[in-house]
């Protein structure tokens, strides 16, 4: 009898070169949805897929280890400390213009040794979506929203990063590298 | 069997030694230390398998058992990112991959046995 396998487990999120480890990630939802083209005919209303992406986003919750960790999501808004062992900050608003750069975003099952079951967005923009509930009983958690942008490669791929060999996403270099041999 | 692998994980992290002061499902009359007990749970299709368990600490000293259990709680609560529980060769138990160790409860004082030993417990579950 063959063992049936299903996907599931802890996941980590790479946004550009920074990674949110699974212990700091709450639930995440990936939504890519096509629009609907509706036409009315004498035979009734006909709904067809529009061929255009209307929703392309990743939503989730970041369980914050520190305010400094917000740089993972809001790198362009981050102000670095001026000496070691100090903490940085993000600045919301202000007179300086902040231009966001698209970054690759990769969701990876932490316990898997390759990218076979990854979800990869080629170019993501993090939408400011900070909602902090202060209370004595819960860890500080903020939701986040990453909007996928169209590229010449498409919006995203679900599955293996390279179809010719086993690879794993390397956030530091922001490219797929060879997976460990045991993969 | 995954709870035997959990005991091995505890042993590898310096909590104790299997069959000396850490036991599976029951504990000898004279022994002191930890024992782990499986608790069944209904499984649903579309959800990952969950093994619930309780860990008991039995010790003559009220504080020693509690301290031992708190070191287990601290270890497991900081091991969310652990992916594998190790194989246990002497019981022919394989390693378990893609596991998640969920945080343990705070300790409960269960009571005192006929020999005056204090028993503490904590409960948790493993998703795998």
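Chains as they are written, first to last, in the numbering used here: chain C, 1 to 183; chain B, 1001 to 1128. Just so you know, even glycine gets a beta-carbon here, dropped at the ideal spot from N, CA and C. Predicted model only: the values in this text are computed from it and were never measured.
Cβ contact annotation for residue 1121/B (same chain, cutoff 6 Å, sequence separation greater than five): 1054, 1056, 1108 and 1110, in chain order. Three or more beta-carbon pairs drawn from the stretch 63–71 of chain C and the stretch 136–149 of chain C are found closer than 8 Å, and the two stretches are therefore classed as touching.
Within the stretch 1063–1095 of chain B, contact with chain C at the beta-carbon level (separation under 8 Å) is assigned to 1080, 1081, 1083 and 1084.
Counting along the chain, the unbroken beta strand (DSSP E) around residue 175/C starts and ends at 175–178. Counting only residues of its own chain and dropping the five nearest sequence neighbours on each side, residue 1097/B has a CB closer than 7 Å to the CB of 1083 and 1084. Under the three-pair Cβ rule at 8 Å, the stretch 49–59 of chain C does not count as touching the stretch 110–117 of chain C. DSSP places residue 148/C in the strand class (E or B) of the three-state scheme. Inter-residue distance for residue 98/C and residue 122/C is about 21 Å (C-alpha atoms, whole angstroms). Beyond the five residues adjoining it in sequence on each side, residue 26/C comes within less than 8 Å, by CB distance, of 60, 61, 62, 63 and 141 in the same chain, given in chain order. Looking at the DSSP output, residue 119/C shares a beta bridge with 107/C and 158/C. DSSP places residue 1010/B inside the alpha helix (DSSP H), whose first and last residues are 1002–1012.
With a cut-off of 8 Å on Cβ pairs, the stretch 1055–1069 of chain B is in contact with the stretch 1110–1119 of chain B, counting three or more such pairs. Taking C-beta atoms as the reference points, residue 1036/B and residue 1069/B fail to come closer than 8 Å.
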